[in-house]
Amino acid sequence: MAISDVLSELGIDLPDVPSPAGAYIPAKVHGDLVFTAGQLPLVAGTLPATGKVGEGHRLVAPDDAKQYARLSALNAIAAAAAAVGDVNRLTGVVKVTGFVASVPEFTGQPGVINGASELLGDVFGDDGRHARSAVGVPVLPLDSPVEVEVIFSFA
């Protein structure tokens with residue numbers, strides 16, 4: 084099934100590619116791979132939340148952060164599709180690197196980044212299975228709670 088059909092079946096519309104927040108491009112093609120820049124969970128150019136992930140008052144709840152990782156992965160699909168000219172040219176996911184801005188005692192980064200991995204699995208099926216890193220960091224651009232980079236294969 085074409086990726087565009089899967090997205091439609093899942094009720095997902097690809098967002099516009101977010102504008103870079105610096106001197107870089109959203110995605111770069113090299114050989115049969117597409118490398119995305121770090122993607123934030125921007126929705127229409129705005130972060131749905133800011134701050135650190137953790138348990139407690141004034142922190143971003145892990146379940147919310149998981150949804151933001153999903154949005155970041157969706158933005159990565161959009162960036163990769165724009166780089167190759169058509170989402171249907173994307174054939175799979177090779178690697179995901181997820182960053183979670185979190186308080187020092189939070190150790191649930193893998194669960195947060197599952198939001199990205201699960202979306203990619205839903206969209207690409209078995210070809211969405213990938214290697215992955217989930218890293219806790221003290222701060223991310225624009226005070227985003229998560230950032231996700233993806234390496235896709237394409238034909």
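Each residue of the sequence shown is one higher than the one before, counting from 84 in our numbering.
Glycine included, C-beta positions come from ideal geometry on N, C-alpha and C.
Keep in mind it's a predicted model, so treat the numbers as computed, not measured.
Bridge partner(s) assigned by DSSP for residue i
i: Phe207; result: None, per the DSSP bridge assignment.
i: Thr129; result: Val126
i: Val233; result: Val179
i: Gly219; result: Val183
i: Leu116; result: His113 and Ser236
Cβ separation of residue i and residue j, assumed to be a contact under 8 Å, to the nearest whole Å
i: Val100; j: Ser155; result: At roughly 13 Å, the Cβ-Cβ gap does not stay under 8 Å, so Val100 and Ser155 are not in contact.
i: Val218; j: Gly181; result: 7 Å
i: Arg212; j: Gly204; result: 7 Å
i: Val117; j: Phe237; result: 6 Å
i: Val206; j: Ile160; result: 7 Å
Residue i CB to nearest heavy atom of the ligand FAD below 8 Å
i: Gln122; result: Absence of the ligand FAD is noted for the structure shown, with no ligands found whatsoever.
Environment of residue i [buried if 16+ CB atoms lie within 10 Å]
i: Leu93; result: exposed
i: Val229; result: buried
i: Ile86; result: buried
i: Ala120; result: buried
i: Tyr107; result: exposed
i: Leu202; result: buried
### Message
Whether or not the segment 167-178 and the segment 121-129 are in contact is what I'm after, with contact meaning three or more pairs of Cβ atoms, one per stretch, closer than 8 Å; do they touch?
### Response
Touching, no.
### Query
Do three or more CB pairs link the segment 132-151 to the segment 178-192 at distances below 8 Å?
Touching, yes, given that three or more Cβ pairs across the two stretches are closer than 8 Å.
### Query
Within the chosen definition, does the segment 187-198 reach the segment 144-163 through at least 3 CB pairs nearer than 8 Å?
For the pair of segments examined, the segment 187-198 was found to touch the segment 144-163: the number of CB pairs separated by less than 8 Å reaches three.
### Message
Please give the ranges of any beta strand (DSSP E) in the segment 133-193, keeping only runs that are unbroken, at least 3 residues long and fully inside the region.
### Response
As far as the segment 133-193 is concerned, its whole beta strand (DSSP E) runs of at least 3 residues are 173-184.
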